[in-house]
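In the UniProt record's numbering, the protein residues as written are 1 to 64. Heads up, the beta-carbon is just placed ideally off N, CA and C, and yes, glycines get one too.
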């Protein structure tokens, strides 16, 4: 999580962060849930996987 925020603060786009995470082989949240929900593709990181993390109030310190 810290790496994702650091990359965004460094000016990288959410799509670029997703591409880098995939290139590094970091499992996506969908890959974790695929074991429990077979309808999820688990295809890797996407813009829609990174953006909610960056907007989550728990991660941004707005919610305790």
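Give a yes or no on whether the C-beta atoms belonging to residue 43 and residue 14 are separated by under 7 Å.
Here residue 43 corresponds to residue number 43 of the chain shown, with the count starting at 1. Here residue 14 corresponds to residue number 14 of the chain shown, with the count starting at 1. Against a cut-off of 7 Å, the Cβ pair of residue 14 and residue 43 comes out as no contact.
Thinking residue 45 and residue 18 are a contact (beta carbons under 8 Å), I'd like their distance in whole angstroms, please.
On the chain shown, residue 45 is found 45 positions in, with the first residue counted as 1. On the chain shown, residue 18 is found 18 positions in, with the first residue counted as 1. Yes, they are in contact, since the Cβ atoms of residue 45 and residue 18 sit about 4 Å apart, within 8 Å.
Which of the three DSSP states, helix, strand or coil, is assigned to residue 46?
Counting from one through the chain shown, the residue named residue 46 turns up at place 46. If DSSP states are grouped into helix, strand and coil, residue 46 belongs with coil.
Inter-residue spacing [alpha-carbon to alpha-carbon] between residue 62 and residue 2
For the purposes of this step, residue 62 is taken as the residue at position 62 of the chain shown. For the purposes of this step, residue 2 is taken as the residue at position 2 of the chain shown. Taking C-alpha positions only, residue 62 is separated from residue 2 by approximately 16 Å.
Just to confirm my understanding: we take residue 21, look at its own chain, exclude 5 residues before and 5 after, and list those with CB closer than 7 Å. What are they?
As a first step, residue 21 must be located in the chain shown, where it is residue number 21. Closer than 7 Å at the Cβ level, and outside the excluded window around residue 21, lie 45.
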